[in-house]
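Protein chains in written order, with the numbering used here: chain A, 1 to 77; chain B, 78 to 728.
Virtual Cβ for every residue (Gly too), placed ideally from N, Cα, C.
As the structure is a computational prediction, the values presented were derived from the model and not from experiment.
Reviewing the structure listed below.
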């Protein structure tokens, strides 16, 4: 599934990032890498983006960007 | 000795820089505050060193605009030591940047900031062990505590003198930290829960803004009381005293001059308490970290007008000073977005326009507070409308990615320091640029071409003869006097001078200058007209001179149009407004029909794409039913693919 479809409170493992190279590098530095874990914290109102916790870093992503990231839901340990 | 501060955004580089050098680099608790390189001399425990502050960067493979500035500076090779500044809460990420620096063969030292936050979260960092493993000097500091700066100075001196090593060229950031660092658990407290909640946070933000406005502008509130006291002191007591002294010495013209200058300057200085209150609120918002939450919560709104949530930083800064706000636009995602935000920033009223609104409101409206609120709201709405227009020229979907700042209680010392700095700048500007301008204008106004003294406002003075032409431009706004026209034009030098000059001509009550509808039209004109020279220069640096001039001309033309419209509406009264109120929906429906037909046509031709067109139509109406797709939009496809376009037209 896509990261943009993740429900609030769910934890997921990142499978693939389909962003353009400079953006991909930036995402990597913000802990959005293949194999990394993210948790959806909140959704923004007015059709805005999603707030994530990625390895201690809090990130806001717009839906169109989140849709380029493939994830799979994992149970929290 | 030359040192450079390198690190991730919002890790405290500028705070460190200010503490070391006593500088006034702008600080704030959000990502991308610093956008340019600034450099100052510091005393490092007995040794002089040149320290340079850079915009934050995540890695040397740059992505955004301000990162490019930072990389060029790092690669210039002019620095003896790179001080890698790292946030204690996200240390592992900063180490990747550190390893990049090491690989380039730079001498490096590591300073870990926000040690106090780490301790509060229950984390730890063993500094000696980390230093041993990395092979470079390491120091952990809590900058807001006393005595820490001295430790930092000694550390930097020793590091620069020789103990700062090149470090191991290759290390794995994860394994290096094993056993020496633990980030602790991020506790989600009540402020986090509340402020991230849109139902609470957005009304709270509006309330804060309204509250600040109320404190500053409503009758009987501290802002207004301080203003009156200030004005009485400078204009009457001080001005009267000096003028009387000059008059006693027998120079009547000079006394005249002193009196009018003091009343203008006093009137401007009297706005200091209100402007300071506005700046205080902005500084508190910036330091608390609430702005990045606001950017996240409002991104959905900004997306609809073709911007990103980051624009919220620039717009809020725009309430302070447009030139400073234009500088912050470098932190935006790309040059296209930057151009658009610069284009709309002039509609966000800067604090220098405040004296004009307030004096106009005080002269004409019984409730000045609501008049000022209305003007500010209208400005923001205009900015959004302008963004919507710009959006139609380019349909590319923007990306938004923002790291959230840690929420923290604003450090009072830092807030007061930045407040004092902006107050000082305001006074400096009045005492230099505006005062000099007023003196020149007073001279040109008081003397005729044969250098005879004719008195301020006389029809025979040099400026009066030259300026009658400009007044015609303001006729449709209901302004018949060239003095007002001249004041409006003088706003190009500095917005403060508009109010200063009107006071020069009319004193404190401007009701002699124009009628009430004309005052409303004049407010609208001031709201929309191009910003001052320094803001135009700032935008020329960012987008090029030609484009900056084009923006300024466009904004001024629009401002005239808006002024005429407002005056026409208010004076034409019921008749005009009825006609317009009927015409607007009719025009909207006609346009809608036309658009709908075009869509229908295309949809018939390309049935496979009908779904996508439907979506596009929805988007055009600003309604969102589906999440936007990552696929290229059809409009762009059509433009790049000639065949398809012919097919559509052929049918």
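Do we get a CB-CB distance below 8 Å when we pair residue i with the residues of chain B?
i: residue 12 of chain A; result: no
i: residue 82 of chain A; result: For residue 82 of chain A there is no data in the structure shown, the boundaries of chain A being 1 and 77.
i: residue 40 of chain A; result: no
i: residue 15 of chain A; result: no
i: residue 7 of chain A; result: no
i: residue 123 of chain A; result: The question about residue 123 of chain A has no answer here: the residues shown for chain A are numbered 1 through 77.
i: residue 37 of chain A; result: no
i: residue 51 of chain A; result: yes
i: residue 25 of chain A; result: yes
i: residue 74 of chain A; result: no
i: residue 1 of chain A; result: no
Quick test of your reading: residue i and residue j, contact by CB under 8 Å. State the CB separation rounded to the nearest angstrom.
i: residue 55 of chain B; j: residue 127 of chain B; result: Residue 55 of chain B lies beyond the residue range present for chain B, which begins at 78 and ends at 728; the question has no answer from this structure.
i: residue 540 of chain B; j: residue 521 of chain B; result: 4 Å
i: residue 90 of chain B; j: residue 111 of chain B; result: 7 Å
i: residue 191 of chain B; j: residue 124 of chain B; result: Going by Cβ atoms, the distance from residue 191 of chain B to residue 124 of chain B rounds to 26 Å, so no, they are not a contact pair.
i: residue 435 of chain B; j: residue 294 of chain B; result: 7 Å
i: residue 157 of chain B; j: residue 220 of chain B; result: Their Cβ separation, rounded to whole angstroms, is 23 Å, which puts residue 157 of chain B and residue 220 of chain B out of contact at 8 Å.
i: residue 479 of chain B; j: residue 60 of chain A; result: 5 Å
Can you tell which of the options has the C-alpha that lies nearest to the C-alpha of residue i?
i: residue 497 of chain B; options: B:468, B:231 and B:353; result: B:353
i: residue 410 of chain B; options: B:425, B:391 and B:423; result: B:391
i: residue 254 of chain B; options: B:154, B:137, B:165 and B:643; result: B:165
i: residue 382 of chain B; options: B:490, B:469, B:612 and B:347; result: B:469
i: residue 182 of chain B; options: B:200, B:247 and B:141; result: B:247
i: residue 218 of chain B; options: B:177, B:202 and B:325; result: B:202
i: residue 38 of chain A; options: A:20, A:28 and A:64; result: A:28
i: residue 551 of chain B; options: B:142, B:641 and B:487; result: B:641
i: residue 581 of chain B; options: B:561, B:608 and B:594; result: B:561
i: residue 420 of chain B; options: B:187, B:628, B:167 and B:109; result: B:628
i: residue 482 of chain B; options: B:94, B:530 and B:108; result: B:108
If you check the beta carbons only, do residue i and residue j fall under 8 Å apart?
i: residue 514 of chain B; j: residue 574 of chain B; result: yes
i: residue 376 of chain B; j: residue 386 of chain B; result: yes
i: residue 663 of chain B; j: residue 571 of chain B; result: no
i: residue 397 of chain B; j: residue 359 of chain B; result: yes
i: residue 68 of chain A; j: residue 31 of chain A; result: no
i: residue 394 of chain B; j: residue 388 of chain B; result: no
i: residue 36 of chain A; j: residue 14 of chain A; result: yes
i: residue 180 of chain B; j: residue 159 of chain B; result: no
i: residue 451 of chain B; j: residue 604 of chain B; result: no
i: residue 25 of chain A; j: residue 136 of chain B; result: yes
i: residue 556 of chain B; j: residue 591 of chain B; result: yes
i: residue 12 of chain A; j: residue 62 of chain A; result: no
i: residue 312 of chain B; j: residue 432 of chain B; result: no
i: residue 140 of chain B; j: residue 45 of chain A; result: no
i: residue 471 of chain B; j: residue 380 of chain B; result: no
i: residue 200 of chain B; j: residue 260 of chain B; result: yes
i: residue 625 of chain B; j: residue 634 of chain B; result: no
i: residue 351 of chain B; j: residue 262 of chain B; result: no
i: residue 644 of chain B; j: residue 598 of chain B; result: yes
Is the Cβ of residue i closer than 8 Å to any Cβ of chain A?
i: residue 264 of chain B; result: no
i: residue 505 of chain B; result: no
i: residue 481 of chain B; result: yes
i: residue 305 of chain B; result: no
i: residue 713 of chain B; result: Per-residue confidence for residue 713 of chain B stands at a pLDDT of 48, beneath the threshold of 50, marking its modelled position as unreliable; no derived number is given.
i: residue 84 of chain B; result: no
i: residue 271 of chain B; result: no
i: residue 90 of chain B; result: no
i: residue 373 of chain B; result: yes
i: residue 138 of chain B; result: yes
i: residue 407 of chain B; result: no
i: residue 181 of chain B; result: no
i: residue 415 of chain B; result: no
i: residue 476 of chain B; result: yes
i: residue 275 of chain B; result: yes
i: residue 460 of chain B; result: no
i: residue 135 of chain B; result: yes
i: residue 173 of chain B; result: yes
i: residue 645 of chain B; result: no
i: residue 386 of chain B; result: yes
Report the neighbours of residue i on chain E: residues whose CB is nearer than 8 Å to its CB, in chain order.
i: residue 166 of chain B; result: No chain E appears in this structure, whose protein chains are A and B.
Practice item. Run through the region 165–226 of chain B for me and flag every whole alpha helix (DSSP H) of 4 or more residues, listed as ranges in chain order. Key: 168–180, 192–197 and 204–211
Practice item. Mind listing, in chain order, the continuous alpha helix (DSSP H) runs of no fewer than 4 residues lying wholly within the region 585–668 of chain B? Key: 593–605 and 610–620
Practice item. Would you mind listing the alpha helix (DSSP H) stretches within the region 482–545 of chain B that are 4+ residues and don't spill past its ends, in chain order? Key: 489–506 and 512–523
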